[in-house]
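Just so you know, the sequences run in chain order V, W, X and Y. The numbering of the first sequence is full-length UniProt numbering, which starts it at 1 and goes up by one. The numbering of the second sequence is full-length UniProt numbering, which starts it at 1 and goes up by one. The numbering of the third sequence is full-length UniProt numbering, which starts it at 1 and goes up by one. The numbering of the fourth sequence is full-length UniProt numbering, which starts it at 1 and goes up by one. For each residue, glycine too, the CB sits at the ideal point set by N, CA and C. Here is the structure we will look at, set down as structure tokens.
4 protein chains.
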Amino acid sequence: MGMVGGGIGSFIGDVHRKAAGIDGMIELVCGAFSSTVEKSIASGKALGLDENRCYGTFEEMIQKEKELPEAIRMDFVTIVTPNHMHFPPAKLALENGFHVVCDKPVTLTLDEAEALKKVVDKSGKLFALTHNYTGNCMVKQAKAMITKGELGTIRKIQAQYLQGWLSTSLEKTEQKQAAWRVDPKRSGIGGALGDIGTHAENLIEYITGLKITEIAADLGRFGEGRVLDDDGNMLIRMENGAKGTISISQIALGEENNLGIKVYGTKGSVEWNQENPNELITRWLKEPKKIYTPNGNGLHDEALAVCRIPAGHPEGYLEAFATIYKSFAIHLTTIKEGRTIEKPDYPTIKDGVRGMKFIYAAVESDKNNAAWTKLS
Amino acid sequence: MGMVGGGIGSFIGDVHRKAAGIDGMIELVCGAFSSTVEKSIASGKALGLDENRCYGTFEEMIQKEKELPEAIRMDFVTIVTPNHMHFPPAKLALENGFHVVCDKPVTLTLDEAEALKKVVDKSGKLFALTHNYTGNCMVKQAKAMITKGELGTIRKIQAQYLQGWLSTSLEKTEQKQAAWRVDPKRSGIGGALGDIGTHAENLIEYITGLKITEIAADLGRFGEGRVLDDDGNMLIRMENGAKGTISISQIALGEENNLGIKVYGTKGSVEWNQENPNELITRWLKEPKKIYTPNGNGLHDEALAVCRIPAGHPEGYLEAFATIYKSFAIHLTTIKEGRTIEKPDYPTIKDGVRGMKFIYAAVESDKNNAAWTKLS
Amino acid sequence: MGMVGGGIGSFIGDVHRKAAGIDGMIELVCGAFSSTVEKSIASGKALGLDENRCYGTFEEMIQKEKELPEAIRMDFVTIVTPNHMHFPPAKLALENGFHVVCDKPVTLTLDEAEALKKVVDKSGKLFALTHNYTGNCMVKQAKAMITKGELGTIRKIQAQYLQGWLSTSLEKTEQKQAAWRVDPKRSGIGGALGDIGTHAENLIEYITGLKITEIAADLGRFGEGRVLDDDGNMLIRMENGAKGTISISQIALGEENNLGIKVYGTKGSVEWNQENPNELITRWLKEPKKIYTPNGNGLHDEALAVCRIPAGHPEGYLEAFATIYKSFAIHLTTIKEGRTIEKPDYPTIKDGVRGMKFIYAAVESDKNNAAWTKLS
Amino acid sequence: MGMVGGGIGSFIGDVHRKAAGIDGMIELVCGAFSSTVEKSIASGKALGLDENRCYGTFEEMIQKEKELPEAIRMDFVTIVTPNHMHFPPAKLALENGFHVVCDKPVTLTLDEAEALKKVVDKSGKLFALTHNYTGNCMVKQAKAMITKGELGTIRKIQAQYLQGWLSTSLEKTEQKQAAWRVDPKRSGIGGALGDIGTHAENLIEYITGLKITEIAADLGRFGEGRVLDDDGNMLIRMENGAKGTISISQIALGEENNLGIKVYGTKGSVEWNQENPNELITRWLKEPKKIYTPNGNGLHDEALAVCRIPAGHPEGYLEAFATIYKSFAIHLTTIKEGRTIEKPDYPTIKDGVRGMKFIYAAVESDKNNAAWTKLS
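Structure below.
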């Protein structure tokens, strides 16, 4: 694995490294961690890398690594930069024969996302998008239950992703994480929409297996001087007639990372929240509420497959993130061995395009006073 | 207290009787419990009433009671019939000098509500509307915190009222509760909207002290053959610029009585749910989450005033309901003694009119594909 | 119902009155509320009683009421005084043909309890002890599941009753509740043991249907100058070989009223806590955790029988307390009608004797450095 | 790091490897994973190790690694075998100049533990014992609060470690984990006591900074034919006069991994449970309950120091385990650089000896019908 971005002090770069490492299947071998070669080398050395494989630019990394013997060179590039720096390295890596793992949202613009999809398709390389929450064991269980029809027909969905860290004007301090997220040049047209809204959208479509067809979005820009949304309230309609809401916020004061979803069907219902990820609450017509836990009683194989430790030993954010990397690594190993996997279970470029359509539809709807707007 | 409706087997009639009785300030002395005098007498006798004061119609009850000596006759009429039978007895009672307690929504139509307001105003009599959840101790604490500015400026509101009991076609069975609630002649133009939506609306306006100015509503009619809404997803905008969502449902399978609210301000936030009513979760900029409990540490006087038992001794649905009756009874006693109360703390005809406006705006918005619609 | 004790400002007297009133089956008609006739009359009048039936002593009350016509006089005496004033009025009432409801622990001493049992047996009158927590719907469900063998053989029990209100020397302030509870003359040989420990003991024996055979108790007297226990840690052994712990405290700072129990069998387990009383957590060998709720799915008839309101509408402390009164009132009505009830479901004098044996065994064990001591 | 034990299919070996890897400070370089060299090589190769460094015995590993250049050879040995195989490799490693990380309980017998302590002291090498739960962020916060006196004087402690996985006779199936744990030859004189009881004991002493002076233990052997305890109920007394209980079980049916602790002081109280590890509940004399979270508001530096990711991103079992390895790695790096750390924050051989004393005192007490027995 070669990393683009994620120098010392980066939040998400460190998360990717830890997550990639947990299952012992992936090794960081090189990186273009920073915009200057000196900083990149400093970061790489702190990570125990060979100085020669700490590059000043992603172009250099891709070029130099390509020249290394196959046994040595990186297998794939992982991109952990702000949104505006996803497309260029992703495209170049794919065109040079490297697989790609990329943080979300997939690109700065919808056009870029669609262009990237063409590049991926043409390249025949793997592309994973780190919608990490779909790696949670209980999310797999929820999806499996719905896929098998245990909830019946889905009628209602409620999802929220609420944070409070931008309640104050954090971007006016030295806080780097805040600065780029409120800047359209680096974030794109969505603020909270891109940063967290796409997780909610992806989680809904992943768990239910249903597409959101249209949304009505009322976005807020509560922070002084903000041009991008830091809050959003949305109505959604699903392809099967189900209805629901998505509420997102980065000004929901005191909320830490409250991503949650409820799905109601004609036979049963599920509820999950990532702050308490080791619990899936299910409700039924005639039976009492049942609570599933990782590696606990009654799980489907799809959920058991991603449990690492015995029941009652909580897995967290990093482990779910690691599951995306693990699924990707298994796929990569499989194709290296000349075999194929029918349905690899990690988010791909298709999810990336869906996410961008969601952002664009929400922004468009908001401009039209929350008029219904299609995701297409 | 004389009761209209609420014969044997009634759910809400029994709740009103228990709630009115808990604090020992109110006594049931007569009733027109049923549509026939025989049934009314049967119900009344089972309740230990004098047969002579079990009436066949509310008209008869009001007439006969009026003729009794003041010391003996009922002080007020409590109305626990389906919605279409609220206006006639309320009007007649007020016009004959009786105070009124009425279940919600206040009337069948908005016109009736506005007409009733005029009757109340003209009569000078008391009128209480049983939005019972506002009687909860923790709701009082939340309201007090917001009133005193402790949360700063309110920015975001999320409320839901989710039930699952109409997930199946219960109205096609013998279930009386279901039958009238899905029938426009008895319920009015709102289904879930009137039955539970008004509670959510009232709770929002009560806690925040802010008016909802407009809503965008996407209603569902999921039950086969239903003409009234059994589900609804709504965006809301508040008079101060805050935004939010309301989600209501009676087809959210497995949900029992999940009424909850979150309010986010610039200094703090509160979260409350009626299924776990003895807990108010608060969040803060710099401090850890704090959990308040009835009669527990740190409560404002407004909350302490309605606690009945020591901390850790849970109060429930009936006690909150009883608080509405208690506040009403205190007001009644006060004016009997020739004194006045500046701000009686129970819902009134004004809340009733607001509720009807909410129903009408939601239905109108839904007809216009969830276009923003004003509550006015 | 005639009340002994419970004058204005009393905590438990008010609880008894509210609880007795909730189901509309019991009416307070007289009382000896206080040690002077003036105070008793003041309390009685505030409660709306006829002045003639507000007595200065319980002896007077029993005498005078006995002289009233049967249709008018009280049916039973309810005793809500401190422990040392349970036995005298209970004995006198029974011997004069009145049924009795009495607060716990049943008497000041074990001798008194055993003497009272003889009086009850001889009198043929009803005697109810208000171990109110056994009135909870979820407690009934737990008991029913165990009785029907659904948990298999019981192996392990954990119970606790933790409060923090005596963390400071509250008895040295004006707090009346604290003063008598730390005074052996009024409380007996147990402090926390009598006040809350007996609730834990009773809950264990009620739910499991098993007797505690012996205990090893290490009591604490943490409050400065206290001669009675304000804390206790105990090992218990059950008649069937099950083992467990009971932990009680009134100096567990910050705990409000944390009474909870866990029972583990060979097939399943149950967990309940009175601070969150509307939830019974059950665990199983092969199935996921299941959560039962009052009037929710899957309840046994024994639990359904005591639910008052629909699922999701929380019942609390007063409602559980009321269930004891309701069961007593039903029994009383039944025998008045010349019929009998095979197994009346409320705590009786037998539970009272068990509770006193528990206190005595615990104190004895503690004196012997927590040596095993039998309850017999 | 060189590993002893932990071949393919091992539970705890895999946990150690993942935990050691999360922070990128430790690399597995060799191992004696299994009792035969073939199996050891198979395991090592699956882990990506050089075949030459997969050894058949720990003796061989220690010998061969010692001969390697310092830059290449393992820095320390990590021991993940059943209890009877802790002492021999630990002793040999230390005597040959290697640091040691060892799973708990530290040895098979108390004599071995005391002997090992002498070896450690003499060697001057580091020795870490993986009482992993003390690595939790919220445990650090609780300890820091107590150390700083924020809870006042500790009066009461309740700890439990409840599992249900040995409810049935799992050891009679092919389940390897169960087989050695019920076998005195491999487990020592404690069953559940050693496996989980020592975690509870260590957590109590770590958080409170107080020693347990004596215990009264009533052990259970509920599983058919078991000679070692699978359940235990204990009273404890602390060096400062505090009292409490410890309840442990592996037959608490349905419990997954319920390790929890409550500590009550004269100023405040704390409550923590490892199944919900990202929450520290605190209670106070005058203030409402406060809930702390990792990287959330109000944490002490000691807790912040071990947080990896932003608030609201749950950390789990592996991360807490990793914190032990990280602290050890930091200590190791520090002394390699010729510096020292005053108080390294990971469990050491002293904790190991305490744990063995706890097991021995509990077994002794149980033999004497739960008589008080000193830990000394």
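Does the beta-carbon distance from residue i to residue j come in below 8 Å?
i: P88 of chain X; j: M356 of chain X; result: no
i: S247 of chain V; j: Q163 of chain V; result: no
i: G188 of chain W; j: I79 of chain W; result: no
i: L92 of chain V; j: I62 of chain V; result: yes
i: G241 of chain W; j: G152 of chain W; result: no
i: A322 of chain Y; j: A19 of chain Y; result: yes
i: P314 of chain Y; j: E275 of chain V; result: yes
i: N136 of chain X; j: A320 of chain X; result: yes
i: D345 of chain Y; j: S365 of chain Y; result: no
i: V37 of chain V; j: G21 of chain V; result: no
Using three-state DSSP, classify residue i as helix, strand or coil.
i: G191 of chain W; result: coil
i: F127 of chain X; result: strand
i: R237 of chain W; result: strand
i: H99 of chain Y; result: strand
i: T282 of chain Y; result: strand
i: V4 of chain X; result: strand
i: C307 of chain V; result: coil
i: T333 of chain W; result: helix
i: K64 of chain V; result: helix
i: G244 of chain Y; result: strand
i: A42 of chain X; result: helix
i: L94 of chain V; result: helix
i: K267 of chain X; result: coil
i: K104 of chain W; result: coil
i: G220 of chain Y; result: strand
i: I26 of chain X; result: coil
i: A71 of chain W; result: coil
i: D301 of chain W; result: helix
i: H86 of chain W; result: coil
Taking the beta strand (DSSP E) that residue i falls in, what are its first and last residues?
i: N54 of chain X; result: Correcting the residue type first, residue 54 of chain X is Cys in the shown sequence and not Asn. Here C54 of chain X belongs to no beta strand (DSSP E), and DSSP marks it neither H nor E.
i: T159 of chain W; result: Checking the displayed sequence, the identity of residue 159 of chain W turns out to be Ala instead of Thr. Counting along the chain, the beta strand (DSSP E) containing A159 of chain W begins and ends at 154-162.
i: F76 of chain Y; result: 76-79
i: Y346 of chain W; result: Premise fails: Y346 of chain W is in no beta strand (DSSP E) and is neither H nor E.
From the DSSP output, read off the bridge partner residues of residue i.
i: E214 of chain Y; result: Y:R237, Y:K374
i: I261 of chain V; result: V:A159, V:W272
i: S249 of chain V; result: V:L162, V:D231
i: A32 of chain X; result: X:V4
i: Y292 of chain W; result: W:L280
Kindly indicate the opening and closing residues of the alpha helix (DSSP H) around residue i.
i: Q177 of chain V; result: 176-181
i: T147 of chain Y; result: 137-147
i: A200 of chain W; result: 198-208
Listing by chain order, which chain C residues have their CB less than 8 Å from the CB of residue i?
i: S269 of chain V; result: Among the protein chains of the structure shown, namely V, W, X and Y, there is no chain C.
* Asked: Quick one: any contact between the segment 8-16 of chain W and the segment 346-356 of chain V, if contact means 3 or more CB pairs under 8 Å?
  -> no
* Asked: Can at least three beta-carbon pairs, one atom from the segment 285-298 of chain V and one from the segment 274-288 of chain W, be found at a separation below 8 Å?
  -> no
* Asked: Taking contact to mean at least 3 C-beta pairs separated by less than 8 Å, is the segment 36-45 of chain W in contact with the segment 58-73 of chain X?
  -> no
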